Amino acid sequence: MNTRSTIAFLCLLACLQPFNAAANAGKFNRKPSIEQPNYAAFMADLQLNMNQGNTDLFEQSFYTLPIENKLRRRLHMNDAVLHQLKSDLRTSIDAMADKIVQGQIKILRVVPSASKQAKMLIRLDYGTDGLMYVQFDIMEINNTLRIVDWLNHSTGMTLSDTLEQLYTLQNSLPQEQAKSLNQLYLSVNSNQYADALATLKRLPKSLQNNPFVMLLKTEASAVDETLYMQALAEFAVRFGRDERYTWIMVDHYYYQQDFGTAHKLLDAFANRVIRDAAIYAIQGSFAYVNTDYAGAIRFCRIAMKLDPDYRDTYLTLLYALIANHNFQEAVLVLEVLQQRFSFKLDPMMLASFDGFDDFAKSEPFLDWAQKTLDNTLETGSLP
Numbered sequence: 008m009n010t011r012s013t014i015a016f017l018c019l020l021a022c023l024q025p026f027n028a029a030a031n032a033g034k035f036n037r038k039p040s041i042e043q044p045n046y047a048a049f050m051a052d053l054q055l056n057m058n059q060g061n062t063d064l065f066e067q068s069f070y071t072l073p074i075e076n077k078l079r080r081r082l083h084m085n086d087a088v089l090h091q092l093k094s095d096l097r098t099s100i101d102a103m104a105d106k107i108v109q110g111q112i113k114i115l116r117v118v119p120s121a122s123k124q125a126k127m128l129i130r131l132d133y134g135t136d137g138l139m140y141v142q143f144d145i146m147e148i149n150n151t152l153r154i155v156d157w158l159n160h161s162t163g164m165t166l167s168d169t170l171e172q173l174y175t176l177q178n179s180l181p182q183e184q185a186k187s188l189n190q191l192y193l194s195v196n197s198n199q200y201a202d203a204l205a206t207l208k209r210l211p212k213s214l215q216n217n218p219f220v221m222l223l224k225t226e227a228s229a230v231d232e233t234l235y236m237q238a239l240a241e242f243a244v245r246f247g248r249d250e251r252y253t254w255i256m257v258d259h260y261y262y263q264q265d266f267g268t269a270h271k272l273l274d275a276f277a278n279r280v281i282r283d284a285a286i287y288a289i290q291g292s293f294a295y296v297n298t299d300y301a302g303a304i305r306f307c308r309i310a311m312k313l314d315p316d317y318r319d320t321y322l323t324l325l326y327a328l329i330a331n332h333n334f335q336e337a338v339l340v341l342e343v344l345q346q347r348f349s350f351k352l353d354p355m356m357l358a359s360f361d362g363f364d365d366f367a368k369s370e371p372f373l374d375w376a377q378k379t380l381d382n383t384l385e386t387g388s389l390p
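When we follow our numbering, the leftmost residue of the sequence shown carries the number 8, and every step to the right adds one.
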C-alpha cells in the first residue's frame with residue numbers, strides 16, 4: 008500500500024488501546040428491489056463484514072464476467088489465455104480482500120452512475136501505515152447487487168485496465184519474459200515484495216522503464232525505505248505530472264520534505280474526488296512535521312468538521328496543540344480520546360513522551376492526570 012509514512016511520528020499509537028467496532032455482522036440482502044437497488048443495505052453489510060475480517064461477502068459479490076468479456080474481445084484471447092485471466096482475476100480479488108481486512112474500511116459515498124449501476128468510494132485506513140481510497144463499480148445483475156470493477160486511487164488504475172496492460176505487455180514479449188512479468192504482478196499482489204524485486208531483475212532494462220512495470224516496482228520497493236524513495240524519485244521524473252498518480256507523488260514529496268507540493272496535490276485530490284477528513288488529517292501531520300503547528304491545528308479542525316469520528320485527527324491535533332503550548336485544549340483532546348474512542352491513557356507514560364515535558368508540568372495536565380488517577384482507584388482500571 009502507499010502513503011506509508013504520513014503519520015509515522017504518532018508514537019502515541021503504540022501505547023493506546025483503540026476503539027473496537029461492534030462484534031455482530033448483519034445479514035446480507037442478496038435481492039434488493041428491482042425498482043430501486045438497495046445500495047445502502049449492500050454497502051452497510053459489506054462494511055460491517057469486512058471490518059470483522061470476513062472477506063467471503065466481498066469475494067462472493069465480485070462478478071468477473073464483464074471484465075472477462077471486455078478483455079477477451081479487446082485482446083482476442085483464446086481459451087488458454089482466458090483461463091489464465093480468470094486465475095489472475097481471482098488472485099487480484101483475493102489480494103484486494105486481504106488489503107481491505109488489514110485496514111479499517113469506511114464507505115464514504117455511493118453515487119448512482121446509470122440505470123441499476125453505482126460507484127462506491129471507500130477509504131481503507133491502516134493507521135501509521137497510511138491509507139488508500141478505492142472506488143468500486145456496482146451493478147445490479149439478476150436482481151442482485153454485484154461488484155464488477157474497481158479503481159485504486161493509489162495506482163490510478165482500474166482492475167480491468169491493470170489486467171489489460173499486463174496482458175498487452177505480455178503479448179509483446181518472449182515467452183520467458185512474459186512469464187517473469189506475470190510472476191512480478193502476482194508477487195506484488197500477494198505482498199511478496201522480495202520475490203517481486205528478484206523477478207524484476209530478470210526483466211530487460213528497456214521493460215523496466217514501462218509505466219506499468221514502474222508502478223509494480225514502486226509498490227514492491229516499499230519493503231525497504233531507501234529502495235522505495237529511489238523508486239518514487241524515478242517514477243516522479245517520468246510520470247509525476249499525471250494526476251492519476253497523486254498518492255504516489257504525495258509519498259515522494261513527503262520524503263523530499265517538499266510539503267508545499269504535497270499539500271497542493273492533496274488539495275487537488277480533495278477537489279477532484281472527495282473532501283474527506285483523512286486527507287486534511289494527513290495535511291495536518293505534514294504541517295506538524297514541518298513545525299507549522301498553527302497550520303496543523305487548522306487542518307485538523309477542517310478534518311473534525313468533515314468527520315468528528317475520524318480518530319487520527321485527534322492524535323495529530325494533540326501533538327500540534329502541545330507543540331504550540333495550547334495545553335488546555337490538549338487536555339480536551341485527551342478527554343475526547345478517552346470518552347469517544349475508549350482510549351486507555353496512562354498519565355505517567357504520557358509525561359515521558361518526547362516533547363511533552365512542558366505539557367506534563369502544566370496545570371491543565373496535572374488536573375487531568377489527578378482526575379484520571381482518581382478514576383483508576385475507583386474502578387480498578389484506567390478510564
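Built from N, CA and C at the ideal position, the CB exists for glycine as well.
Since the structure is predicted, the reported quantities are computational estimates derived from the model, not experimental observations.
If you run the structure through DSSP and keep just helix, strand and coil, what is residue i?
i: Ile-281; result: coil
i: Lys-351; result: coil
i: Leu-23; result: In this prediction, Leu-23 has a pLDDT of 41, which is less than 50 and means its spatial position is unreliable; what the coordinates show is noted afterwards. Here Leu-23 sits in coil by DSSP.
i: Pro-390; result: Bear in mind that a pLDDT of 39 at Pro-390, under 50, signals an unreliable position, so the number given afterwards is only what the model happens to contain. Note: Pro-390 maps to coil in three-state DSSP.
i: Asn-159; result: strand
i: Pro-371; result: helix
i: Ser-94; result: helix
i: Asp-381; result: helix
i: Phe-35; result: Because the pLDDT at Phe-35 is just 33, under 50, the model does not fix this residue reliably, and the value given afterwards should be weighed accordingly. Residue state, collapsed to three classes: coil.
i: Leu-210; result: coil
i: Tyr-144; result: Here residue 144 turns out to be Asp, not Tyr, going by the sequence shown. Reduced to three states, the DSSP call for Asp-144 is strand.
i: Arg-248; result: coil
i: Ser-179; result: coil
i: Lys-271; result: helix
i: Ser-99; result: helix
i: Met-127; result: strand
i: Asp-132; result: strand
i: Pro-1; result: Residue 1 lies beyond the stretch modelled for the chain, which goes from 8 to 390, so this question has no answer here.
Compare the C-alpha of residue i against each of the options and name the closest.
i: Asn-333; options: Leu-344, Ala-367, Asp-353, Met-355; result: Ala-367
i: Arg-153; options: Ser-179, Asn-159, Lys-126, Asn-178; result: Lys-126
i: Ser-68; options: Gln-54, Arg-79, Lys-77; result: Gln-54
i: Ala-277; options: Gln-215, Asp-105, Glu-250; result: Glu-250
i: Met-50; options: Ile-100, Arg-130, Arg-279; result: Arg-130
i: Leu-96; options: Pro-119, Leu-158, Ser-167, Ile-112; result: Ser-167
i: Asn-216; options: Val-244, Val-230, Arg-305; result: Val-244
i: Asn-141; options: Asp-156, Thr-151, Leu-191, Asn-150; result: One point to set straight first is that residue 141 is Val, not Asn, in the sequence displayed. Residue Asp-156 is the option with its Cα nearest to Val-141.
i: Leu-214; options: Gln-177, Pro-73, Arg-248, Thr-233; result: Gln-177
i: Trp-254; options: Trp-375, Gln-335, Gly-137, Val-296; result: Gly-137
i: Ser-161; options: Asp-374, Asp-299, Val-280; result: Val-280
i: Asp-144; options: Met-84, Arg-116, Ala-238; result: Arg-116
i: Thr-135; options: Gln-377, Ala-285, Ala-301; result: Ala-285
i: Phe-350; options: Ser-94, Thr-379, Thr-298; result: Thr-379
If you drop the 5 nearest sequence neighbours on each side, which residues of the same chain put their C-beta closer than 7 angstroms to that of residue i?
i: Ala-1; result: This structure does not reach residue 1, given that the chain is present from 8 up to 390, and the question cannot be answered.
i: Ile-148; result: Tyr-70
i: Lys-123; result: Pro-44, Met-146, Glu-147
i: Glu-370; result: none
i: Ala-240; result: His-259
i: Met-57; result: Phe-65, Ile-107, Val-108, Ile-112
i: Met-256; result: Ala-243, Gly-247, Leu-272
i: Tyr-300; result: Ala-327, Ala-330, Asn-331
i: Gln-377; result: none
So, for residue i: in the same chain, excluding its five sequence neighbours on each side, which residues have a beta-carbon less than 6 angstroms away from its beta-carbon?
i: Tyr-252; result: Gly-163, Phe-246
i: Cys-307; result: Gly-291, Thr-320, Thr-323, Leu-324
i: Leu-223; result: Leu-191, Val-195
i: Pro-73; result: Val-155
i: Glu-226; result: Val-195
i: Ala-358; result: Ala-367
For my contact list, residue i and residue j are in at a C-beta cut-off of 8 angstroms; report their separation, rounded to the angstrom.
i: Tyr-321; j: Val-338; result: That pair is no contact at about 12 angstroms.
i: Leu-92; j: Glu-75; result: 6 angstroms
i: Arg-318; j: Phe-360; result: Not really, about 18 angstroms apart at Cβ, beyond 8 angstroms.
i: Leu-82; j: Thr-165; result: With a Cβ gap of about 15 angstroms, Leu-82 and Thr-165 do not count as contacting.
i: Val-391; j: Leu-210; result: Residue 391 lies beyond the residue range present for the chain, which begins at 8 and ends at 390; the question has no answer from this structure.
i: Leu-313; j: Asp-265; result: So it is not a contact: roughly 25 angstroms between Cβ atoms.
i: Ala-229; j: Tyr-200; result: 6 angstroms
i: Ile-304; j: Ala-275; result: 23 angstroms between Cβ atoms; not a contact.
i: Ala-310; j: Gly-362; result: With a Cβ gap of about 21 angstroms, Ala-310 and Gly-362 do not count as contacting.
i: Thr-206; j: Ser-179; result: With a Cβ gap of about 18 angstroms, Thr-206 and Ser-179 do not count as contacting.
i: Leu-467; j: Thr-98; result: The requested residue 467 does not occur in the structure, where the chain is confined to residues 8 to 390.
i: Thr-62; j: Ala-104; result: 4 angstroms
i: Leu-78; j: Glu-171; result: 6 angstroms
Could you pull out every residue in the same chain whose Cβ sits closer than 8 angstroms to the Cβ of residue i, ignoring the five residues on either side in sequence?
i: Tyr-295; result: Phe-16, Ala-303, Thr-323, Tyr-326, Ala-327, Ala-330
Exercise. Count the C-beta pairs between the stretch 285-293 and the stretch 255-274 that are closer than 8 angstroms, then say yes if the count reaches three, no if not.
Key: yes
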